[in-house]
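Numbering (the working numbering), first residue to last: 54 to 326.
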């Protein structure tokens, strides 16, 4: 398996030489805002950078450990990651702090690809983050166990898709413009939450009023979003005969949208919100 493969007709081959053996801090700084938009790399301490470097070292030593069928996500085999334990206490940390580790892993992929392919990596990576997909994650979690204690934890549930919503655009980055001088400012949006600018970047302009630029010709960026409802299989919990099956809503982003239809039986891996 090549380091980067797309589609079923064969992947992009890895360069035979010239790649850096180390992930430079400049590459980490280049992609850091895509994964940690609300955390400055200087305020993150050494822990986050150390995790990125550990993942990058693992990827460079084992380039066959992941694949990419699209430019929006990278696929990892969960049992292989658990066995390799790229960072200390990986098995426990991926359950307790999945958002942080998955972001560090995605950031490491960007850094490694940038080092391997140089300028050619920009058309693959661009200015969007790669979403890490974990295959064969275990154990399965019964829906009745999804309580408040699992919020923020990584789980996999199994069930039947019973409903899919229309695909909608989700705002991830907004361009604000000053109503007085027209100066623009970009703001990262995380899960629909953002803080509007409070000062104009133009020297001398004291305006505090900004408007979101919603036109297609602006830098405002959206991604595809879809919500599905998964219903537990009745025979998954034989101790509750005659009970109405439980269900849970899941959000799909980017290349996962429109990947299932009602009636499909799926294993859905994600972070409880």
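Note that beta-carbon positions come from the ideal geometry of N, C-alpha and C, so glycine has one too.
Across the structure, residue 190 and residue 148 are spaced so that their CA atoms are roughly 11 angstroms apart. At a Cβ-Cβ threshold of 8 angstroms, residue 159 and residue 128 do not count as neighbours. Ranking 286, 313, 280 and 235 by CA distance to the CA of residue 262 puts 235 first. Look at residue 276 here: in three-state DSSP terms it is strand. According to the DSSP secondary-structure assignment, residue 238 is paired through a beta bridge with 229.
Here residue 168 is buried. Its C-beta has 16 or more other C-beta atoms within 10 Å. The three-state secondary structure of residue 89, taken from DSSP, is coil.
Counting of Cβ neighbours within 10 angstroms places residue 196 among the buried residues, the total reaching 16 or more.
Bounds of the alpha helix (DSSP H) holding residue 133 are 131-137.
Nearest to residue 124 by alpha-carbon distance, out of 308, 264 and 322, is 308. Residues 104, 140, 143, 146 and 147 of the same chain have their beta carbon placed closer than 8 angstroms to that of residue 154, with the five preceding and five following residues left out of the count. In the DSSP assignment, residue 157 falls within the alpha helix (DSSP H) that extends over 151-170. Cβ neighbours of residue 187 within its own chain (closer than 6 angstroms, five residues either side excluded): 129, 131 and 322.
One thing to note: residue 324 has its Cβ no nearer than 8 angstroms to the Cβ of residue 301.
Residue 267 sits in coil when the DSSP states are folded into three classes, being neither helix nor strand.
Contact check for residue 287 against residue 298 passes: the beta carbons are separated by less than 8 angstroms.
DSSP places residue 324 in the uninterrupted beta strand (DSSP E) bounded by 318-324. DSSP, read as helix, strand or coil, puts residue 202 in helix. Annotation: residue 125 is outside any beta strand (DSSP E) and is labelled neither H nor E by DSSP.
For residue 204, the closest of 111, 252, 151 and 256 by C-alpha to C-alpha distance is 151.
According to the DSSP secondary-structure assignment, residue 213 is paired through a beta bridge with 284 and 318. Taking C-beta atoms under 8 angstroms as the contact rule, residue 208 and residue 194 qualify, at a distance of about 4 angstroms. Scanning 238, 317, 199 and 111 for the CA closest to the CA of residue 162 turns up 111. Taken through DSSP and simplified to helix, strand or coil, residue 107 comes out as helix.
Between residue 267 and the set 106, 225 and 114, the nearest pair of CA atoms involves 225. Rounded to whole angstroms, the separation of the alpha carbons of residue 156 and residue 185 is 8 angstroms.
Of all alpha-carbon atoms in 281, 257 and 243, the one lying nearest the alpha-carbon of residue 275 is that of 243.
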